[in-house]
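J.: One structure, pasted below without further comment.
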Amino acid sequence: MKTLLLPSGSPIPILGQGTWYMGEDPMQKQREIDALRLGMDLGMTLIDTAEMYAEGGAEEVVGAAIAGRRDEVFLVSKVYPHNADRRGVQAACERSLRRLGVDCIDLYLLHWRGAVPLDETLTAFESLKQAGKIRDFGVSNFDRADMQEAAEARGGEQIAVDQVLYNLTKRGIEWALRPWCREQGIPVMAYSPLESTPADQRRMLGNPRLQAIAQRHNASPAQIALAWLLRQENLIAIPKAVAPEHIRQNRAALDIVLTDQDLAEIDIAFPPPRRDTPLDMR
Ligand SMILES: NC(=O)c1ccc[n+]([C@@H]2O[C@H](COP(=O)([O-])OP(=O)(O)OC[C@H]3O[C@@H](n4cnc5c(N)ncnc54)[C@H](OP(=O)(O)O)[C@@H]3O)[C@@H](O)[C@H]2O)c1
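In this text, residue positions in the sequence shown follow this note's numbering: the first is -16, and each later residue adds one.
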């Protein structure tokens, strides 16, 4: 698996696995565990989760999937904004560690910006880092202005990533956030790379131009959507998949090389932003 370096110098795989909606249905638990293990077997060892997902249920699925394989994985989890004060961060992290069955989370993120001052959250993250409970920390759903403010806050120079919604149909970050992150050397972690709601996904993957490009590569539209993200510098993508064929396809997307013609056609089908727009979030 290809990696990139976080600002701390730690390597992180550029393609991982999401876990939103895992852990909600006990009948699906084994299927979800098997899915994450298959992904790990294929090299997608970055696993993204959050205390929010199934209110801890997704972290328990991850814990079961990585049991005995901790050394192979790069674990990302997130704290709720309402738990992001000094004591709350500490307690939330301990709960996540317990559910995941590990001593340390590789990358711990503030899930989105809430009412707690950034200084307080970032200082709490620093303490967790010093205590060895997390290796790196970052943020999620932060737009450019939030990032600027966070970078200037105490501890802000250690922000390792911004995890944001980014895919072919949601390219708004290319206007301001992405160039800013590039200048600062902060990687972007693209969530919902395939669009998470069925209607949005149908609209994106059903695009005729995308389908034509996919045909040329003997690939699926989803693979082209992922390949388009994965060719970008300093970018990490975290598709979520439970179906084994989806997991295999997602891994194989890493090997697709898009041509200049493909990229030009993609820009016609899914135009880049022409003005600044607020960050998309879901
Ligand atoms: N920080 C945040 O606020 C935030 C917000 C949203 C998501 N996230 C993270 O990002 C991860 C990914 O985002 P997401 O789950 O919203 O959406 P996504 O990964 O873009 O899409 C997931 C959907 O795509 C399907 N899929 C996966 N691979 C496919 C393929 N090769 N071909 C066709 N369909 C495929 C999955 O089906 P099956 O499962 O049936 O295989 C699932 O229905 C989340 O799981 C979560 O970890 C973070």
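Cβ atoms here follow ideal geometry from the backbone N, Cα and C, with glycine treated the same way. The model shown is predicted, which means the values in this text are computed figures rather than measured ones.
Below 6 Å CB to CB, which residues in the same chain sit around threonine 32 once its five sequence neighbours on both sides are set aside?
T.: Hits under 6 Å: Thr2, Ala41, Glu42, Val45, Ser60.
J.: Could you tell me the alpha carbon to alpha carbon distance between isoleucine -3 and lysine -15, rounded to whole angstroms?
T.: Their Cα atoms are separated by approximately 6 Å.
J.: Using the three-state DSSP reduction, which class does arginine 118 fall into: helix, strand or coil?
T.: Here arginine 118 sits in strand by DSSP.
J.: With H, G and I counted as helix, E and B as strand and the rest as coil, what does DSSP make of asparagine 217?
T.: If DSSP states are grouped into helix, strand and coil, asparagine 217 belongs with coil.
J.: Assign proline 204 to one of two classes, buried (16 or more other C-beta atoms within 10 Å of its C-beta) or exposed (fewer than that).
T.: Per the 10 Å Cβ criterion, buried.
J.: Measuring from the CB of alanine 182, is there a heavy atom of ligand 1 at a distance below 7 Å?
T.: Result no, Cβ not under 7 Å from ligand 1.
J.: Would you mind stating whether alanine 107 and arginine 81 have Cβ atoms separated by less than 8 Å?
T.: Against a cut-off of 8 Å, the Cβ pair of arginine 81 and alanine 107 comes out as no contact.
J.: Would you mind sorting valine 240 into buried or exposed? The rule is 16 or more other CB atoms within 10 Å of its CB.
T.: It is exposed - the Cβ of valine 240 has fewer than 16 other Cβ atoms within 10 Å.
J.: On the CB-based measure, 16 or more other CB atoms within 10 Å of its CB, does glutamate 135 come out buried or exposed?
T.: Flag for glutamate 135 reads exposed.
J.: With a 10 Å radius around its C-beta and 16 neighbouring C-beta atoms as the bar for buried, classify arginine 161 as buried or exposed.
T.: Flag for arginine 161 reads buried.
J.: Which runs of the alpha helix (DSSP H) fall wholly inside the region 199 to 260 and span at least 4 residues, in chain order?
T.: With a minimum length of 4 residues, the continuous alpha helix (DSSP H) runs that stay inside the region 199 to 260 are 204 to 213, 227 to 236, 243 to 252.
J.: For alanine 37, name the three-state secondary structure that DSSP assigns.
T.: The answer is helix: DSSP assigns alanine 37 an H, G or I state.
J.: Name the two residues that bound the continuous alpha helix (DSSP H) containing glutamine 13.
T.: 12 to 24 is the extent of the alpha helix (DSSP H) around glutamine 13.
J.: Quick check: the Cα distance between leucine -11 and isoleucine 117, rounded to an integer number of angstroms?
T.: Roughly 14 Å between the two C-alpha positions.
J.: Under the assumption that isoleucine 142 contacts leucine 262 (Cβ atoms under 8 Å), give the Cβ distance between them as a whole number of angstroms.
T.: Contact flag wrong, Cβ pair sits at about 16 Å.
J.: Looking at the secondary structure, which residues open and close the alpha helix (DSSP H) in which valine 72 lies?
T.: Taken as a continuous stretch (DSSP letters only), the alpha helix (DSSP H) holding valine 72 covers 69 to 83.
J.: Between Ala197, Ile221, Val62, which lies nearest to isoleucine 88 when the distance is taken from Cα to Cα?
T.: Nearest C-alpha to isoleucine 88: Val62.
J.: Give the range of the beta strand (DSSP E) segment to which aspartate -14 is assigned.
T.: Rather than aspartate, the amino acid found at residue -14 in this sequence is threonine. Residues -14 to -12.
J.: Measuring straight from C-alpha to C-alpha, what distance separates glycine 189 and isoleucine 196?
T.: Those two C-alpha atoms are separated by around 12 Å.
J.: Hey, which unbroken runs of the beta strand (DSSP E) at 3 residues or more fall wholly within the region 153 to 185?
T.: Entirely contained in the region 153 to 185, the beta strand (DSSP E) runs reaching 3 residues are, in chain order, 171 to 174.
J.: Would you say valine 62 touches ligand 3, meaning its beta carbon is less than 7 Å from a heavy atom?
T.: This structure does not include ligand 3; its bound ligands are ligand 1.
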